[in-house]
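Trainee:
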Amino acid sequence: MHIELFILCMSVVLGLVHIVLASHSASLQRGYRWAASPRDEQLPPLTGVAGRLSRALVNFSETFPLFVALVFVVHATTSYGALSKWGAWLYLVGRVTYLPLYAFGVRLMRSLAWNVATAGILLLLVSVLYY
């Protein structure tokens, strides 16, 4: 298996971690009775760690489809190379780093981690367009 596909699989694991952390932190804040309900009522936004984990999940959900699409295009066009490997690694490392930094409210480093992951997406794009 090419490393880009392996990293894609590890990114799916990271997505599951995002979902579990965000949902459990919301349940802790609002109660498990709320978690088991149909959630029809309007509630105030989540706060603190629960709010940050929820927003981190939304952010991951925005970038992950771009990453998936580019890894599939790299695979379909056999555009594997140093750029695609670096791009995949930067995406995963940036996203793994981003989650705890956002959860703990670390401001500037969180943005740096996001930029690293975004640079990874851009490297994947370049690897497809120029190889």
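Residue numbers for the sequence shown follow my numbering, beginning at 1 and rising by one. Glycine included, every Cβ here is placed at the ideal spot set by N, Cα and C.
#1: Would you kindly report the start and end of the unbroken alpha helix (DSSP H) that includes Val20?
#2: Following the continuous alpha helix (DSSP H) through Thr47, name the residue where it begins and the one where it ends.
#3: With respect to the alpha helix (DSSP H) encompassing Gly94, which residues constitute its N-terminal and C-terminal limits?
#4: Could you work out which residue in Tyr32, Ile19, Thr78 and Ser84 is closest to Arg55 when comparing CA atoms only?
#5: Assign Phe104 to buried or exposed, taking buried as 16 or more other Cβ atoms, counted over all protein chains shown, within 10 Å of its Cβ.
#6: Measure from the alpha carbon of Ile121 to the alpha carbon of each residue in Pro65, Glu41 and Tyr91, then state which is nearest.
#7: Going by C-alpha distance, which of Gly81, Gly15, Val49 and Val116 is nearest Ala26?
#8: Would you tell me roughly how many angstroms separate the C-alpha atoms of Val106 and Phe64, rounded to the nearest one?
#9: Ends of the alpha helix (DSSP H) at Val116?
#10: Given a cut-off of 9 Å on the beta-carbon distance, is the pair Ile7 and Trp89 in contact?
#11: CB Leu21 to CB Leu99, shorter than 9 Å?
#12: With 16 as the cutoff for other CB atoms within 10 Å, does Leu14 come out buried or exposed?
Mentor: Reading it off the structure:
#1: Ile3 to Arg30
#2: Thr47 -> no alpha helix (DSSP H), and no H or E assigned at all.
#3: Ala82 to Ala103
#4: Ile19
#5: exposed
#6: Tyr91
#7: Val49
#8: 22 Å
#9: Arg107 to Leu129
#10: yes
#11: yes
#12: buried
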